[in-house]
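Visitor: Residue numbers (UniProt numbering): 1 to 191.
Cβ atoms here follow ideal geometry from the backbone N, Cα and C, with glycine treated the same way.
1) Can the beta-carbon of residue 104 be found less than 8 Å from the beta-carbon of residue 26?
2) With burial defined as no fewer than 16 other Cβ atoms inside 10 Å of the residue's Cβ, what is the status of residue 75: buried or exposed?
3) Report yes if the C-beta distance between residue 38 and residue 56 is below 8 Å; otherwise report no.
4) Identify which residue in 58, 86, 17 has its Cα closest to the Cα of residue 73.
5) Taking the beta strand (DSSP E) that residue 46 falls in, what are its first and last residues?
6) Put residue 95 into one of helix, strand or coil per three-state DSSP.
7) Which one or two residues does DSSP pair with residue 35 in a beta bridge?
8) Under the rule that 16 or more other beta-carbon atoms within 10 Å means buried, what is residue 40, buried or exposed?
9) Could you check if residue 195 is buried or exposed, using at least 16 other CB atoms within 10 Å of its CB as the buried criterion?
10) Kindly list the residues whose CB is nearer than 7 Å to the CB of residue 88, restricted to its own chain and excluding five residues on each side of it in sequence; keep chain order.
11) Helix or strand or just coil, what does DSSP make of residue 157?
12) What residue does the beta strand (DSSP E) around residue 69 start on, and which one ends it?
13) With distance defined between alpha-carbon atoms, name the residue in 64, 62, 158 nearest to residue 131.
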């Protein structure tokens, strides 16, 4: 099923191409026990040739094991996973490398809608909303394909334990990313 709105369809195809590439980049980091901790649209770069690159490794951390937990809050509030937002407020066990999965989902929302959820709020309010509210989704989900809505829902799930969060290698098999569209790269080159 395709997007119903023609403008949304172009955004959808571009987002699909970009998402596939930055999911690959984050999967690579996770395979090497690196958590990025600042995935957002501003850190997704497009070259003149239409290549997608993940940037800004200033908050990245190399872990000894992928199951290691981190216990301090760092990153951009609008893209921060609930377990990261809560790590210094609630007494919890911390968060794992999988906290990046949430940020990938929020970035997909941002690229589709032009802004991340809660982006216009004060940073402390964003943290509170992220911890308190159900996971965000697309504002007008009916304008988007079921595959894209499912992709967002799979990434932005509530995870009582960050260790139960889906691995990006699992998410990469979701239909939204696996159905290829060769026109997406051409769209990027024409932007």
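Guide: Looking at the atomic coordinates:
1) With contacts defined by Cβ atoms closer than 8 Å, residue 104 and residue 26 form a contacting pair.
2) With 16 or more other Cβ atoms within 10 Å, it is buried.
3) yes
4) 86
5) 44-46
6) strand
7) 61
8) Classification of residue 40: buried, given that the 10 Å Cβ count is 16 or more.
9) The shown model of the chain, from 1 to 191, leaves out residue 195, and the question about it has no answer.
10) For residue 88, where only same-chain residues beyond five positions count, the Cβ hits under 7 Å are 72, 73.
11) coil
12) First-last for residue 69: undefined, no H or E at that position.
13) 158
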